[in-house]
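Chains as they are written, first to last, in my numbering: chain U, 1 to 461; chain F, 462 to 922.
There are 2 protein chains.
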Amino acid sequence: MKCFPKEVYIERRQKLKKLMGKGILLFMGNEESSMNFKDNWYPFRQDSTFLYFFGLNQSGLTAIINIAEDRDIIFGDDISTEDSVWFGAHATLNELSASVGVSSTLPKAAVADALKGVPLDQLHFLPPYRPENLLKLSEWLAISPAAVSKQVSDSFIRSVVSLRSIKTKREIEEITRAVDLSVKMHQVLMREARAGMYEYELLGMVLKEATAGGGSVSFPPIITTQGQILHNHVYSLKLADGGMLLGDFGAESDMHYAGDITRTIPVGKVFSTQQREIYQMVLDAYQVAVQALKPGVFFKDVHLLACRTLAERLKSIGLMKGDLDEAVAQGAHALFFQCGLGHMMGMDVHDMEDLGEPYVGYTDSLKKSTQFGLRSLRLGKELEAGYVLTIEPGLYFIPQLMDQWEAAGLHQDFIDYKKVAQFRDFGGIRVEDAYQITTAGAEILGVPLEITIPEVEGVRS
Amino acid sequence: MKCFPKEVYIERRQKLKKLMGKGILLFMGNEESSMNFKDNWYPFRQDSTFLYFFGLNQSGLTAIINIAEDRDIIFGDDISTEDSVWFGAHATLNELSASVGVSSTLPKAAVADALKGVPLDQLHFLPPYRPENLLKLSEWLAISPAAVSKQVSDSFIRSVVSLRSIKTKREIEEITRAVDLSVKMHQVLMREARAGMYEYELLGMVLKEATAGGGSVSFPPIITTQGQILHNHVYSLKLADGGMLLGDFGAESDMHYAGDITRTIPVGKVFSTQQREIYQMVLDAYQVAVQALKPGVFFKDVHLLACRTLAERLKSIGLMKGDLDEAVAQGAHALFFQCGLGHMMGMDVHDMEDLGEPYVGYTDSLKKSTQFGLRSLRLGKELEAGYVLTIEPGLYFIPQLMDQWEAAGLHQDFIDYKKVAQFRDFGGIRVEDAYQITTAGAEILGVPLEITIPEVEGVRS
Numbered sequence: 001m002k003c004f005p006k007e008v009y010i011e012r013r014q015k016l017k018k019l020m021g022k023g024i025l026l027f028m029g030n031e032e033s034s035m036n037f038k039d040n041w042y043p044f045r046q047d048s049t050f051l052y053f054f055g056l057n058q059s060g061l062t063a064i065i066n067i068a069e070d071r072d073i074i075f076g077d078d079i080s081t082e083d084s085v086w087f088g089a090h091a092t093l094n095e096l097s098a099s100v101g102v103s104s105t106l107p108k109a110a111v112a113d114a115l116k117g118v119p120l121d122q123l124h125f126l127p128p129y130r131p132e133n134l135l136k137l138s139e140w141l142a143i144s145p146a147a148v149s150k151q152v153s154d155s156f157i158r159s160v161v162s163l164r165s166i167k168t169k170r171e172i173e174e175i176t177r178a179v180d181l182s183v184k185m186h187q188v189l190m191r192e193a194r195a196g197m198y199e200y201e202l203l204g205m206v207l208k209e210a211t212a213g214g215g216s217v218s219f220p221p222i223i224t225t226q227g228q229i230l231h232n233h234v235y236s237l238k239l240a241d242g243g244m245l246l247g248d249f250g251a252e253s254d255m256h257y258a259g260d261i262t263r264t265i266p267v268g269k270v271f272s273t274q275q276r277e278i279y280q281m282v283l284d285a286y287q288v289a290v291q292a293l294k295p296g297v298f299f300k301d302v303h304l305l306a307c308r309t310l311a312e313r314l315k316s317i318g319l320m321k322g323d324l325d326e327a328v329a330q331g332a333h334a335l336f337f338q339c340g341l342g343h344m345m346g347m348d349v350h351d352m353e354d355l356g357e358p359y360v361g362y363t364d365s366l367k368k369s370t371q372f373g374l375r376s377l378r379l380g381k382e383l384e385a386g387y388v389l390t391i392e393p394g395l396y397f398i399p400q401l402m403d404q405w406e407a408a409g410l411h412q413d414f415i416d417y418k419k420v421a422q423f424r425d426f427g428g429i430r431v432e433d434a435y436q437i438t439t440a441g442a443e444i445l446g447v448p449l450e451i452t453i454p455e456v457e458g459v460r461s
Numbered sequence: 462m463k464c465f466p467k468e469v470y471i472e473r474r475q476k477l478k479k480l481m482g483k484g485i486l487l488f489m490g491n492e493e494s495s496m497n498f499k500d501n502w503y504p505f506r507q508d509s510t511f512l513y514f515f516g517l518n519q520s521g522l523t524a525i526i527n528i529a530e531d532r533d534i535i536f537g538d539d540i541s542t543e544d545s546v547w548f549g550a551h552a553t554l555n556e557l558s559a560s561v562g563v564s565s566t567l568p569k570a571a572v573a574d575a576l577k578g579v580p581l582d583q584l585h586f587l588p589p590y591r592p593e594n595l596l597k598l599s600e601w602l603a604i605s606p607a608a609v610s611k612q613v614s615d616s617f618i619r620s621v622v623s624l625r626s627i628k629t630k631r632e633i634e635e636i637t638r639a640v641d642l643s644v645k646m647h648q649v650l651m652r653e654a655r656a657g658m659y660e661y662e663l664l665g666m667v668l669k670e671a672t673a674g675g676g677s678v679s680f681p682p683i684i685t686t687q688g689q690i691l692h693n694h695v696y697s698l699k700l701a702d703g704g705m706l707l708g709d710f711g712a713e714s715d716m717h718y719a720g721d722i723t724r725t726i727p728v729g730k731v732f733s734t735q736q737r738e739i740y741q742m743v744l745d746a747y748q749v750a751v752q753a754l755k756p757g758v759f760f761k762d763v764h765l766l767a768c769r770t771l772a773e774r775l776k777s778i779g780l781m782k783g784d785l786d787e788a789v790a791q792g793a794h795a796l797f798f799q800c801g802l803g804h805m806m807g808m809d810v811h812d813m814e815d816l817g818e819p820y821v822g823y824t825d826s827l828k829k830s831t832q833f834g835l836r837s838l839r840l841g842k843e844l845e846a847g848y849v850l851t852i853e854p855g856l857y858f859i860p861q862l863m864d865q866w867e868a869a870g871l872h873q874d875f876i877d878y879k880k881v882a883q884f885r886d887f888g889g890i891r892v893e894d895a896y897q898i899t900t901a902g903a904e905i906l907g908v909p910l911e912i913t914i915p916e917v918e919g920v921r922s
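Spelled out as structure tokens, the structure:
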């Protein structure tokens with residue numbers, strides 16, 4: 001099992017104790033997840049917060065920090081002698097725990113006892129996103145599953161978010177490894193994609209590259225000739241000359257840090273004139289956004305800057321019109337750019353999404369907008385040095401949305417629906433890379449992947 | 462979505478209704494499974510029984526068969542107009558349901574109402590193996606999660622097992638497709654494995670082959686230089702000349718039928734003398750077992766026949782000794798062959814394992830043995846034409862087990878522990894293929910993969 005040196009985990013737990021001040025902190029490790037019968041498992045994924053504070057990538061673990069007693073305990077069961085016949089020899093829980101600086105261990109069954117009698121207002125746990133952990137909490141706390149979510153600890157979430165948001169040098173190195181592997185995965189796609197292939201064949205190549213590099217994927221890959229379908233996890237279509245292929249995927253490293261990159265390439269050797277035009281608009285928005293990154297800037301403003309850039313470019317070819325300040329303020333550009341400019345990235349590809357966007361991407365004074373477009377922006381708050389985030393502008397021509405908006409008469413002052421209709425079958429383009437916020441501004445993570453039109457066409461030819 | 466013609470599903474449901482006679486049958490489709498936050502999903506896997514009777518490979522569905530009213534209903538929600546922006550246009554639930562011969566559909570939220578007032582003894586459901594389905598049942602039936610398992614329907618399980626156990630011609634074709642893809646995955650491994658490579662690199666190649674062939678894997682692949690660790694899902698070791706590589710994996714086809722094949726190959730071009738000797742013993746047991754397959758034979762007896770063959774061969778080189786009838790009856794051979802000879806295979810790689818071995822592999826009159834070795838045999842009962850099963854004998858030299866048995870003085874009349882010690886670092890060998898039971902005997906499924914020593918060495922050289 002690959003971990004950081006134990007001092008890293010000890011320090012993280014010390015910082016957390018200081019932030020929380022008091023209470024019993026409960027960390028739910030993940031269990032194995034069943035596919036079609038109990039013992040047929042998906043690849044194991046440990047909970048990221050558990051990994052962050054306790055480092056052990058093994059199913060069936062729980063941990064407790066008792067702040068008053070300054071005691072960290074890991075609960076779990078050693079593999080039985082009988083099981084070692086089937087699974088091989090394993091390090092004991094004591095050995096594993098020692099490797100992350102924890103000297104107290106107890107069997108799994110002791111968690112219920114350890115929590116018995118702890119008043120609910122002194123017990124802190126994070127929102128469960130897996131039903132088995134919800135069931136465990138319900139049993140341990142002797143409350144109904146529906147009542148569990150009301151007991152989630154606001155202060156625990158805030159403390160964990162404040163620590164995990166700022167990436168250390170060591171973490172930046174690990175994210176960079178994940179990004180570099182993601183780059184390799186993309187290079188395979190950029191080199192190999194040809195007319196006549198099926199999307200699933202390319203998925204196979206990408207999965208191979210991640211696995212053969214010692215990692216896996218940080219989220220289900222998007223590999224699609226239908227780039228305008230934003231969350232497309234179907235891989236059944238055939239690549240055709242004249243079309244484009246959008247690949248949005250990344251590796252998860254063996255230390256469980258994520259990469260996340262998007263490129264859109266021509267299926268043939270070069271982009272068409274229209275594709276080139278739209279691609280350059282997206283790239284302009286990307287570059288404007290990257291230039292604007294620095295501590296103290298609100299990411300919501302960077303997002304709006306990118307939107308404004310896209311709106312200007314769309315106006316230059318007649319798809320948008322009128323006062324662009326007003327258009328962007330009213331969200332008219334969201335006909336073409338329906339989603340957010342980026343998100344935090346770390347151990348999770350949408351880092352800490354399980355803890356909640358109001359904490360991770362927004363603050364008590366900056367709440368998420370409800371406007372179409374902005375309401376899909378996962379990150380809005382002021383940037384700090386040490387944040388890692390993605391920049392991923394795009395332009396998407398979605399026939400259903402065009403029809404809805406036009407029928408509803410939306411934003412007629414800003415959108416020329418007749419001209420837009422000419423792009424009905426265009427598809428969608430997105431580019432995406434990950435950046436770290438530094439004291440001076442921002443730096444791209446990993447070996448930069450081909451992104452300009454000449455660079456992309458250079459790989460394709 | 463790929464389905465059989467609707468008549469297939471209508472006929473299956475008719476047969477089920479006839480077997481059950483009366484009652485309300487509840488079919489729990491699967492939900493998406495979260496990895497590290499709610500919306501980051503593992504690849505979706507529908508419940509196999511749901512697929513068998515209702516064919517729809519989509520999350521969030523439930524179905525009910527009301528036998529008295531002869532009414533089949535599928536519950537689910539159509540994608541919203543807003544969601545179609547993100548996920549693209551989708552067929553409606555009505556359209557999907559019509560494609561599997563179901564004309565009644567209702568929204569997801571209507572399940573609770575449909576079950577309200579149904580006495581528990583008239584409501585039939587299968588054992589839930591996913592916690593989210595356990596939670597739903599608990600809510601719908603207004604009983605605690607712990608109480609749900611007591612309400613599982615014995616007659617429903619028996620009826621489903623009796624139908625799914627006998628594979629139709631159409632199903633055999635689908636399993637054959639899965640096996641053929643599994644063969645291709647193995648051929649890649651057999652061709653490409655070389656000293657100096659890591660196990661995970663080969664895992665990458667195997668995953669690529671499954672995916673690029675339009676399928677996925679039917680269970681987490683075993684690709685290991687440590688073949689004696691029976692359930693090994695670690696891929697971190699380097700292949701070294703002189704060693705062996707055991708690959709146990711298979712494809713799941715796009716129609717969700719499984720393949721499952723094992724081969725053990727030399728890392729170099731040829732087996733060593735000792736490896737060749739042990740390999741041939743395993744192959745002999747395989748061939749003896751295959752010859753014995755026919756309707757009316759108890760699979761437990763085929764297993765014991767294979768064990769007897771292994772024991773004879775082990776005696777010939779001095780690892781076993783004494784009266785072999787007695788040795789096999791007492792389970793002494795299980796020092797070398799700790800697991801079962803095979804299992805049912807169909808939509809699940811261990812077919813219907815979620816429904817329980819006492820129903821799938823055994824009967825009321827033939828219960829599973831508790832003897833070490835036999836207690837890991839998943840299938841014991843009398844074979845019928847239409848069964849599909851695997852044959853997978855092996856010989857495994859497990860140091861922990863040797864030490865345990867020798868220290869406990871087990872089976873000293875049948876085992877020469879001194880000689881056995883010479884094989885302490887040997888590893889393990891297994892071969893496995895899938896067979897269908899025919900009226901005449903048995904036939905291998907799919908294109909046969911190289912298995913004899915000359916065949917395997919032919920691929921390797």
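Glycine included, every Cβ here is placed at the ideal spot set by N, Cα and C.
So the alpha helix (DSSP H) L744(F) belongs to, where does it begin and stop? Element bounds for L744(F): 734 to 753.
Give me the Cα-Cα distance between A114(U) and L598(F), rounded to the nearest whole angstrom. Going from the Cα of A114(U) to the Cα of L598(F) covers about 29 Å.
What residues in its chain sit with their C-beta under 7 Å from that of G841(F), if we drop five residues either side in the sequence? Same-chain partners within the cutoff: F759, F760, K761, G822, Y823, L827, K829.
F492(F): buried (16+ other C-beta within 10 angstroms of its C-beta) or exposed? Note that residue 492(F) corresponds to Glu in the displayed sequence, not to Phe. Per the 10 Å Cβ criterion, buried.
Between V789(F) and the rest of its own chain, which residues show a CB-CB distance below 8 Å, the 5 nearest in sequence each way excluded? Excluding sequence neighbours, V789(F) sits near L765, C768, R769, A772.
Bridge partners of M205(U), per DSSP? Looking at the DSSP assignment, M205(U) forms no beta bridge with any residue, so it has no partner.
Three-state secondary structure assigned by DSSP to I683(F): Shown here, I683(F) sits in a strand according to DSSP, grouped into three states.
Closer than 8 Å, CB to CB, is P504(F) near chain U or not? Taking a beta-carbon distance threshold of 8 Å, P504(F) counts as an interface residue toward chain U.
For Q741(F) and I914(F), the rounded distance between their alpha carbons: Our two residues, I914(F) and Q741(F), have alpha carbons roughly 8 Å apart in a direct line.
Do D348(U) and Y129(U) have their CB atoms nearer than 8 Å? No, Cβ-Cβ distance for D348(U) and Y129(U) is not below 8 Å.
Residues of the stretch 572 to 585 of chain F with a CB closer than 7 Å to any CB of chain U: list them in chain order, please. Result list empty, no residue passes.
Can you name the start and end residues of the alpha helix (DSSP H) that Q330(U) belongs to? The continuous alpha helix (DSSP H) containing Q330(U) extends over residues 324 to 330.
Per DSSP, what are the beta-bridge partners of V678(F) in this structure? Beta-bridge pairing by DSSP links V678(F) to A712(F).
Report all residues from its chain with a CB closer than 7 Å to the CB of A654(F); omit the five preceding and five following residues, and keep chain order. Non-local C-beta neighbours of A654(F) in its own chain, meaning closer than 7 Å and more than five positions away in sequence, comprise L663, L700, L706, I726, V728, ordered along the chain.
Roughly how many whole angstroms lie between the Cα atoms of V621(F) and A142(U)? Spanning the two alpha carbons is a distance of roughly 36 Å.
Quick one: using the 10 Å Cβ neighbour count with 16 as the cut-off for buried, is A719(F) buried or exposed? A719(F) is buried by the Cβ-count criterion.
At a cut-off of 7 Å, would you count L576(F) as near the ligand SAH, judging by its Cβ distance to the nearest heavy atom? Within the structure as shown, the ligand SAH is missing, as the structure has no ligands at all.
Which ranges does the alpha helix (DSSP H) cover as unbroken runs of at least 4 residues, wholly within the stretch 591 to 623 of chain F, from first to last along the chain? Runs of the alpha helix (DSSP H) inside the stretch 591 to 623 of chain F: 592 to 602, 606 to 609.
Kindly give me the distance between the Cβ atoms of L16(U) and F53(U), rounded to whole angstroms, as I take these residues to be in contact under 8 Å. That pair is a contact at about 7 Å.
Please go through the same chain and pick out, in chain order, the residues whose beta-carbon is closer than 6 Å to the beta-carbon of D641(F), but skip the five residues on each side of it. These residues qualify, in order along the chain: G907, V908.
Endpoints, the beta strand (DSSP E) within which N66(U) is located: Counting along the chain, the beta strand (DSSP E) containing N66(U) begins and ends at 62 to 66.
Reduced DSSP secondary structure (H/G/I, E/B, other) of F797(F): In this structure, F797(F) counts as coil in the three-state DSSP scheme.
For G779(F) and D864(F), believed in contact at Cβ under 8 Å, the rounded distance: Going by Cβ atoms, the distance from D864(F) to G779(F) rounds to 20 Å, so no, they are not a contact pair.
Shortest alpha-carbon distance to G711(F) belongs to which of I525(F), E916(F), L744(F), E893(F)? Across the set I525(F), E916(F), L744(F), E893(F), the C-alpha of E893(F) shows the shortest separation from the C-alpha of G711(F).
Against W547(F), what residues of chain U qualify as contacts under a CB-to-CB distance less than 7 Å, listed in chain order? The contacting residues are L230, H231.
First through last residue of the alpha helix (DSSP H) which encompasses D72(U): According to the DSSP assignment, D72(U) belongs to no alpha helix (DSSP H) but to the beta strand (DSSP E) extending over 71 to 75.
Contact set for E132(U): own chain, Cβ-Cβ below 7 Å, skip 5 residues either direction: Contacts found: E31.
Would you tell me roughly how many angstroms separate the C-alpha atoms of E845(F) and I534(F), rounded to the nearest one? Those two C-alpha atoms are separated by around 33 Å.
Backbone secondary structure at M190(U) - three-state DSSP: Helix.
From the DSSP output, in three-state form, read off L827(F) for me. Of the three classes helix, strand and coil, the one that applies to L827(F) here is coil, per DSSP.
Would you mind reading off the limits of the beta strand (DSSP E) that contains V849(F)? From DSSP, the beta strand (DSSP E) with V849(F) extends over 849 to 852.
Reference G549(F); option with closest CA among R891(F), G817(F), D539(F): Checked all of R891(F), G817(F), D539(F); the closest Cα to G549(F) is D539(F).
Please look up how many angstroms separate the CB atoms of K22(U) and I64(U), rounded, as I've assumed it's under 8 Å. A Cβ-Cβ separation of about 14 Å leaves K22(U) out of contact with I64(U) under the 8 Å criterion.
Residues from the stretch 861 to 886 of chain F in contact with chain U, defined by Cβ distance under 9 Å: With the criterion set as a beta carbon lying under 9 Å from some beta carbon of chain U, the members of the stretch 861 to 886 of chain F are Q861, L862, Q865, in sequence order.
In chain order, what residues of the same chain lie with their CB nearer than 6 Å to the CB of H872(F), ignoring the 5 residues before and after it? The answer, listed in chain order, is A793.
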